[in-house]
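*Asks:* Pasting a structure below so you can have a look.
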Amino acid sequence: MREVCVIGTGLIPFGKYPDKTLAEIGWPAVKEAIVESGVPPKSIDAVYCGSALGGMLSGQRVMKSLGLTGMSIINVENACSSSSSALAEAWTAVGSGRHDVVLVVGVEKLTKFGGGTLPLENEDWEVTQGMVMPALYAMRARRYMHEYGLTARQLGEVSVKAHEHGALNPNAQIRKRVSIDEVMASRPVADPFTLWHCCPTGDGAAALVIASADVARKQKADPVRVTASEVTSGLYTNGYRDMTWAELTARGAKEAYEMAGVGPQDIDVAEIHDAFTIAELMYYEAFGFCERGHAYELLSSGATSLGGDICVNPSGGLLSRGHPVGATGAAQAVEIVRQLEGRAGAHQVEGARVGLAHATGGGIAGLDHGACSIHIFAR
Amino acid sequence: MTKSSTLVVNEAAANADTRFVAPDLVALDAKGAPRLIGGRCRKCNAVSFPRAAVCANCLSEDIETIELAHEGTLYSYSIVHQAPKGWTVPYALGYVDLPDNVRVLAHLDAPADKITVNMPMRLSVGVVGADPAGAPLLSYTFTPV
Ligand SMILES: [Zn+2]
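Sequence order for the protein chains is A and B. Numbering of the first sequence is given in my numbering, commencing with residue 1 and proceeding in unit increments. Numbering of the second sequence is given in my numbering, commencing with residue 1001 and proceeding in unit increments.
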């Protein structure tokens, strides 16, 4: 594989756009990424569009708004990992030499479903018994609390940190600080989670222009490189599973670290999939940022806050920036690229050189999660 | 409703008086007691739930229908307050570990403050929600022993 770089990023503020179509939500992010890249729009060899619930031909609907069609457009659905899986496909397409310039877009419109928990697949037997995503994560939290003595209030501090960061991010859906008392007093969703333990649903779009190093260095002196790109799926069992350990993410992290030739101690900034508070703590452990059972200590030390050694979710993460499912992975990648380029603004992680983005999810009976995609970036 | 030599299904009860949300997962025996319907691979003995058509361990399609154990241990749980239409909230949902490496998701029939991790549970039946017309829907549940 040859070296692959990111030369353009685009992102719209996440939020609720019930009056816009999917294409109207998506095209501004694509245009921003193309303009930022400096390459002629017609030089885009292929488009990979990630959307979980956007419906047929989401990519074509977005691209035709800009009059950019005719090239290969591939639509990628992989639940919460849809646009990070699209990024992985783009990385492979450029890295293999098949294409020189590829566009990745993640776009989602969840307001079309009204409010509440997202629709799950009714063919899934656990869904027929009342499974909802908050309950799945809540059961992980309950077991983790049982095994490690974590309290619901300590868990709530993840949300406080997320909103501290998100309040500084103009593209976040919830730009509001929240106190631990407010977290605990909000309405219950799935015990031990209250509303503030759960990411909001909404709409959003993000895009990246990916290019070979040759093309990239004509545009930028020191482009951000994609040093690892991987996608894995959960391991099926109808039997017992340790729900306090994010096996899928840990397996992907190991692969990604090996590919990039780095370890957890090298990561300056990370955007990880904090769909619910417990997820962030479990992923600290899966990425090796701390030992098993010690995630709360890492959080409370301030190491994962802005100004800490390994800032996690400076954007506010899913809890604050929002989680329009299929757009999340691309938005995380945009955030990390901008962090490494030193242009993240009020939530900049000073001196960040190596960052990772992690999107995982998809509730499916018998699997930890459906999919997990991890990218490591360096400059 | 699945029939086999190891599972006696009361067809009349299953089809007329009861409306299970997922009738392929549970049956009532001759005495009206609930039984979870699983599968056991005749080639490698792997137990499946729901009963698999093809063994996820060895790909054999020679699967015997079996009745799963009636008692297990609660691995974890949550009290669900927000759910799609049709479910009666709040409800307690949990994973119950049965022997033979089978973990079953189920509604728990117990007050929230009486549920604890690792407690022993026994298979039961209960009303868990309603269909669009408002008629009650049943499913298997687990109750503290
Ligand atoms: Zn078998």
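Ideal Cβ positions, reconstructed from N, Cα and C, are used throughout, including at glycine.
So, helix, strand or coil for A/His294, using DSSP?
*Replies:* To locate residue 294 of chain A, count along the first sequence from 1; it is residue 294. Three-state DSSP puts A/His294 in coil, outside helix and strand.
*Asks:* Any chance you could list the residues with Cβ under 5 Å from a heavy atom of ligand 1, keeping chain order?
*Replies:* Taken from the N-terminal end onward, the list reads B/Cys1041, B/Lys1043, B/Cys1044, B/Ala1046, B/Cys1055, B/Asn1057, B/Cys1058, B/Ser1060.
*Asks:* Are the beta-carbon atoms belonging to A/Val6 and A/Val160 less than 8 Å from one another?
*Replies:* As a working note, residue 6 of chain A is residue 6 in the first sequence. As a working note, residue 160 of chain A is residue 160 in the first sequence. No; because the gap between Cβ atoms is not below 8 Å, this pair is not in contact.
*Asks:* Could you name the residues of chain A that B/Ser1060 contacts, counting a contact when the two beta carbons are closer than 7 Å?
*Replies:* Within the second sequence, the letter at position 60 stands for residue 1060 of chain B. Ordered by position in chain A, no residue passes the 7 Å Cβ test against B/Ser1060, which lies about 16 Å from the chain.
*Asks:* Work out the CA separation of A/Leu356 and A/Cys372 for me, nearest whole Å.
*Replies:* On the first sequence, residue 372 of chain A is found 372 positions in, with the first residue counted as 1. On the first sequence, residue 356 of chain A is found 356 positions in, with the first residue counted as 1. So the two alpha carbons sit approximately 13 Å from each other.
*Asks:* Short of 7 Å in beta carbon distance, which residues of its chain neighbour A/Ile73, apart from the five on each side in sequence? Order them along the chain.
*Replies:* As a position in the first sequence, residue 73 of chain A is number 73, starting the count at 1. The residues are Val47, Cys49, Gly59, Gln60, Met63.
*Asks:* In the DSSP assignment, the beta strand (DSSP E) including A/His358 goes from what residue to what residue?
*Replies:* In the first sequence, the residue the question calls residue 358 of chain A occupies position 358. First-last of the beta strand (DSSP E) with A/His358: 354 to 361.
*Asks:* How far does the alpha helix (DSSP H) with A/Lys161 in it extend, from its first residue to its last?
*Replies:* Walking along the first sequence from the start, residue 161 of chain A turns up at place 161. 152 to 166 is the extent of the alpha helix (DSSP H) around A/Lys161.
*Asks:* Would a check of beta-carbon distances place B/His1081 closer than 8 Å to chain A?
*Replies:* Counting from 1 along the second sequence, the entry for residue 1081 of chain B is found at position 81. Yes - at least one Cβ of chain A is within 8 Å of the one on B/His1081.
*Asks:* Under 8 Å between C-beta atoms, does A/Leu367 make it to chain B?
*Replies:* Numbered from its first residue, the first sequence carries residue 367 of chain A at position 367. No, A/Leu367 lies away from the interface with chain B (no Cβ there is under 8 Å from its Cβ).
*Asks:* Since B/His1070 and B/Arg1122 should fall inside the 8 Å C-beta cutoff, what is the C-beta to C-beta distance between them, to a whole number of angstroms?
*Replies:* Here residue 1070 of chain B is taken as the residue at index 70 of the second sequence, counted from 1. Here residue 1122 of chain B is taken as the residue at index 122 of the second sequence, counted from 1. B/His1070 to B/Arg1122, Cβ: 6 Å. Contact.
*Asks:* Mark A/Thr128 as exposed unless 16 or more other C-beta atoms lie within 10 angstroms of its C-beta, in which case mark it buried.
*Replies:* Counting from 1 along the first sequence, the entry for residue 128 of chain A is found at position 128. By the neighbour-count rule (16 or more Cβ atoms within 10 Å), A/Thr128 is buried.
*Asks:* Cutting at 7 Å between CB atoms, please list the residues of its own chain near A/Tyr236, excluding the five before and the five after it.
*Replies:* As a working mapping, residue 236 of chain A is identified with position 236 in the first sequence. Gly366, Leu367, listed in sequence order.
*Asks:* Output, in sequence order along the chain, the residues in the region 223 to 241 of chain A whose CB is closer than 9 Å to any CB in chain B.
*Replies:* From the region 223 to 241 of chain A, only Tyr236, Thr237, Asn238, Gly239, Tyr240, Arg241 have a Cβ closer than 9 Å to chain B.
*Asks:* Beta carbons nearer than 7 Å to chain B: which residues of the region 138 to 161 of chain A have them?
*Replies:* From the region 138 to 161 of chain A, only Ala138, Met139, Arg142, Arg143, His146 have a Cβ closer than 7 Å to chain B.
*Asks:* Does A/Trp245 come within less than 8 Å of chain B when only Cβ atoms are used?
*Replies:* Stepping through the first sequence from its first residue, residue 245 of chain A is reached at position 245. Closer than 8 Å: no.
*Asks:* Straight-line CA distance for A/Gly15 to A/Val107?
*Replies:* The residue given as residue 15 of chain A occupies position 15 in the first sequence. The residue given as residue 107 of chain A occupies position 107 in the first sequence. Taking the straight line joining both Cα atoms gives about 12 Å.
*Asks:* Might you give, ordered along the chain, the residues of its own chain that have their beta carbon closer than 7 Å to the beta carbon of A/Leu248, omitting 5 neighbours on each side?
*Replies:* Counting from one through the first sequence, the residue named residue 248 of chain A turns up at place 248. Cβ neighbours of A/Leu248 beyond the five flanking positions: Thr232, Gly234, Thr360, Asp368, His369, Cys372.
*Asks:* Would the beta-carbon of A/Val104 fall within 8 Å of that of A/Ser83?
*Replies:* Sequence index remark: in the first sequence, residue 104 of chain A carries index 104 (1-based). Sequence index remark: in the first sequence, residue 83 of chain A carries index 83 (1-based). Result yes, Cβ atoms of A/Val104 and A/Ser83 sit closer than 8 Å.
*Asks:* CA-CA distance, B/Ala1021 and B/Leu1108?
*Replies:* For the purposes of this step, residue 1021 of chain B is taken as the residue at position 21 of the second sequence. For the purposes of this step, residue 1108 of chain B is taken as the residue at position 108 of the second sequence. As written in the sequence, residue 1021 of chain B is Val, which differs from the Ala given in the question. Roughly 15 Å between the two C-alpha positions.
*Asks:* Quick one: does A/Ala275 have its CB under 8 Å from some CB of chain B?
*Replies:* Here residue 275 of chain A refers to the residue found at position 275 of the first sequence. False, the Cβ-Cβ gap to chain B never drops below 8 Å.
*Asks:* Would you say B/Pro1050 lies against chain D (beta-carbon separation less than 8 Å)?
*Replies:* The structure shown contains no chain D; its protein chains are A and B.
*Asks:* So, helix, strand or coil for B/Ser1139, using DSSP?
*Replies:* Within the second sequence, the letter at position 139 stands for residue 1139 of chain B. It is a strand residue.
*Asks:* Judging by CA-CA distance, which residue of A/Leu120, A/Glu126, A/Arg2, A/Lys220 is the nearest neighbour of A/Ser96?
*Replies:* Here residue 96 of chain A refers to the residue found at position 96 of the first sequence. Closest by alpha carbon: A/Arg2.
*Asks:* Tell me which residues of the region 118 to 129 of chain A have at least one Cβ-Cβ distance to chain B shorter than 7 Å, keeping chain order.
*Replies:* Taking 7 Å as the Cβ-Cβ cut-off against chain B, the residues of the region 118 to 129 of chain A that qualify are Trp125, Glu126, Thr128, Gln129.
*Asks:* Does B/Asp1029 come out as helix, strand or coil in the three-state DSSP assignment?
*Replies:* As a first step, residue 1029 of chain B must be located in the second sequence, where it is residue number 29. B/Asp1029 falls in the coil class under three-state DSSP.
*Asks:* I want to see whether chain B comes within less than 8 Å of A/Ala190, judged by CB atoms only; does it?
*Replies:* Working through the first sequence from its first residue, we reach residue 190 of chain A at position 190. True, the Cβ-Cβ gap to chain B drops below 8 Å.
*Asks:* Are there 16 or more other CB atoms within 10 angstroms of the CB of B/Asp1097, so buried, or fewer, so exposed?
*Replies:* As a working mapping, residue 1097 of chain B is identified with position 97 in the second sequence. By the 10 Å Cβ count, B/Asp1097 comes out buried.
*Asks:* Taking only the alpha-carbon atoms, compute the straight-line gap between B/Asn1045 and A/Tyr240 and give it to the nearest angstrom.
*Replies:* Numbered from its first residue, the second sequence carries residue 1045 of chain B at position 45. Numbered from its first residue, the first sequence carries residue 240 of chain A at position 240. Distance between the alpha carbons of B/Asn1045 and A/Tyr240: 17 Å.
*Asks:* Please confirm whether A/Val183 has its beta-carbon closer than 8 Å to some beta-carbon of chain B.
*Replies:* For the purposes of this step, residue 183 of chain A is taken as residue 183 along the first sequence, with counting starting at 1. So, not an interface residue.
*Asks:* Using only the heavy atoms of ligand 3, determine whether one of them is closer than 7 Å to the beta carbon of A/Thr21.
*Replies:* Although ligand 3 was asked about, the structure shown includes only ligand 1 as ligands.
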